[in-house]
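For reference, the structure is listed below as structure tokens.
There are 2 protein chains.
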Amino acid sequence: MAANESVTEPRRLTPKGRATRERIVATAAELMHDHGVAGTSLGDVQKAAGVGVSQVYHYFGDKDSLIRAVVAHRIEALLATLGGLDSMEGLRAWRDLLVNTLGQRNCEGGCPVGSLAGELAESFPECRVDLAGGFDQWETAIRAGLQAMYDRGELRRKANPDRLATALLAAVEGGMLLAQVRRDPAPLATALDEVLDRIEDLRPRRAGASVSQATETSR
Amino acid sequence: MAANESVTEPRRLTPKGRATRERIVATAAELMHDHGVAGTSLGDVQKAAGVGVSQVYHYFGDKDSLIRAVVAHRIEALLATLGGLDSMEGLRAWRDLLVNTLGQRNCEGGCPVGSLAGELAESFPECRVDLAGGFDQWETAIRAGLQAMYDRGELRRKANPDRLATALLAAVEGGMLLAQVRRDPAPLATALDEVLDRIEDLRPRRAGASVSQATETSR
């Protein structure tokens, strides 16, 4: 992701300069989340961040550069929330975090990264590539957790960590979109639970025999 | 969906008037899919549809009305593709249709309804409600197919058609978004296959014993 690195920190900055730049990006990210990218002007960002017009231009040059910095910022923040995805407990805790975080904002804005993709994928090709790179990193982190479970024998041989990681990420994005339009986190919870239940069903029978498996009948 | 009905046909039109109105909506839908709603002006629509400016204003009054008509048009078109979702064969055929249709356009634009949701959910509250209604109808159609399978005993008692329908719809939307940013239909195919495999695994053992179940070992 050389493209993202270049927009994350375009040149050496003093600590104060870096803080100002970060404040501008974080403010722009919030405004774009609430009002859309098209509905957010550089003037809006400048006022909300409490900086001068010249500072916004000094750090970003134009709105496109600021948009790409927001994309990089959102991806970085998202990747920082990942970790411990190598057990059912860790996966369920991550599911709870996603559902609760979305619910706390009344599902407004949906997924911070997915919403940017929805708005920018066709109109801004460089951003589409940045976002694809972000989703790749996200999927890689999910896959690594599932692969670790697989390697420790906690998933049966028929389980495919690559495919399950894609399915989980799609459940996050699709569930977030449905939750956003409905203003209800339930679709996200359900979409994730169904994929997580599938993963749980793929645990070895000897160790993972759950109550549902034990009581399963032929109907 | 009274809101949608009111924008689908606001008043009685002659057959010629209806055809003109439909051409304007279909043209606007294509332009908004390719360039985004924000990137499509009434002038663009008027030129591409080959109609006069006064006709666009005659049928729609303003851009917001046209946008809502596009949303209704996309939802109607989508619902017309549903049917036969009450068997594994029907579900797999629907999966193939979605994947092939997206692949034929190089995944550009993603889901015609989901993309509108991504761009309009926060900036246009009436459209968010219209889109939520459209997703509800879509999910209801999927659920009806799964419920019919359940009622015929083709799914075990532990299967939950409501939850599986939500998971399938989320897989469509999340898979479409990942496919769109990656310009590759594979994530959509994988996301759908994982949920469909889960549904297949929920068939009664006696009737639905598939090869994968028969050869399943305790690892």
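Protein chains in written order, with the UniProt record's numbering: chain A, 1 to 219; chain B, 1 to 219.
The beta carbon of each residue, even a glycine, is placed where N, CA and C say it ideally should be.
All values reported here derive from a predicted model rather than from experimental measurement.
At least one C-beta of chain A is nearer than 8 Å to the C-beta of residue 135 (chain B). Contact between the stretch 122-142 of chain B and the stretch 192-203 of chain B is not established, with fewer than three Cβ pairs separated by less than 8 Å. Within 10 angstroms of the beta-carbon of residue 18 (chain B) lie fewer than 16 other beta-carbons, which makes it exposed.
Cβ-Cβ distances below 6 Å link residue 171 (chain B) to 191, 192 and 195 in the same chain, with the five nearest sequence neighbours on each side left out; the list follows chain order.
Contact of residue 117 (chain B) with chain A by beta-carbon distance below 8 Å involves 118, 177, 180 and 181. When the Cα atoms are used, residue 39 (chain A) and residue 121 (chain B) turn out to be separated by approximately 13 Å. The DSSP assignment places complete alpha helix (DSSP H) segments of no fewer than 4 residues inside the UniProt domain "HTH tetR-type" (18-78) of chain B at 42-49 and 53-60, in order along the chain. The beta-carbon of residue 35 (chain A) is placed less than 8 Å from the nearest beta-carbon of chain B.
For residue 126 (chain B), no Cβ of chain A is located within less than 8 Å of the residue's own Cβ.
Distance from the CA of residue 73 (chain A) to the CA of residue 36 (chain A), rounded to the nearest whole angstrom, comes to 16 Å.
Annotated three-state conformation of residue 16 (chain B) is helix, per DSSP. Residue B:42 holds the alpha-carbon nearest to the alpha-carbon of residue 63 (chain B) among B:180, B:34, B:42 and B:96. Nearest to residue 79 (chain A) by alpha-carbon distance, out of A:140, A:179 and A:92, is A:140. Secondary structure of residue 204 (chain A) (DSSP, three-state): coil.
For residue 198 (chain B), a Cβ of chain A is located within less than 8 Å of the residue's own Cβ. The stretch 18-34 of chain A makes contact with the stretch 42-52 of chain A, as at least three CB pairs between them are under 8 Å.
At least 8 Å separates the CB of residue 101 (chain A) from every CB of chain B. Put simply, the stretch 156-166 of chain A does not touch the stretch 177-188 of chain A. Fewer than three CB pairs are less than 8 Å apart. Within the UniProt domain "HTH tetR-type" (18-78) of chain A, contact with chain B at the beta-carbon level (separation under 7 Å) is assigned to 34, 35, 36, 38 and 39. In this structure, residue 117 (chain A) lies near residue 177 (chain B), with their beta-carbon atoms less than 8 Å apart. Residues of chain A with a Cβ closer than 9 Å to the Cβ of residue 91 (chain B) do not exist; the shortest Cβ-Cβ separation is about 15 Å. Taking CB atoms only, residue 163 (chain B) has a neighbour in chain A less than 8 Å away. Only residues of its own chain outside the window of five on either side were considered, and among them 84 have a CB closer than 8 Å to the CB of residue 93 (chain B), listed in chain order.
Between residue 111 (chain A) and residue 173 (chain A) a beta carbon distance of about 6 Å is seen, short of the 8 Å cut, so the two are scored as contacting. A direct Cα-to-Cα measurement between residue 53 (chain B) and residue 115 (chain A) gives close to 33 Å. Distance from the CA atom of residue 159 (chain B) to the CA atom of residue 150 (chain B), rounded to whole angstroms, is 8 Å. For residue 175 (chain A), the closest alpha carbon among the candidates A:137, A:16, A:86 and A:103 is that of A:103. Assigned with DSSP and collapsed to three states, residue 111 (chain A) falls in coil, not helix or strand. Around residue 112 (chain B), no beta-carbon contact reaches into chain A at under 8 Å, the shortest distance being about 12 Å.
With its beta carbon at least 8 Å from every one in chain B, residue 185 (chain A) lies outside the interface.
At a cut-off of 8 Å between C-beta atoms, residue 83 (chain A) does not count as an interface residue with respect to chain B.
Rounded to whole angstroms, residue 100 (chain B) and residue 81 (chain B) show a C-alpha spacing of 13 Å. In this structure, DSSP gives residue 100 (chain A) a helical state, which the three-state scheme calls helix. Residue environment: residue 97 (chain B) is assigned as exposed (fewer than 16 neighbouring CB atoms within 10 Å of its CB, all protein chains considered). Residue range 125-151 is occupied by the alpha helix (DSSP H) that includes residue 128 (chain A). At a beta-carbon threshold of 7 Å, the residues of chain A lying near residue 131 (chain B) are 181, ordered along the chain.
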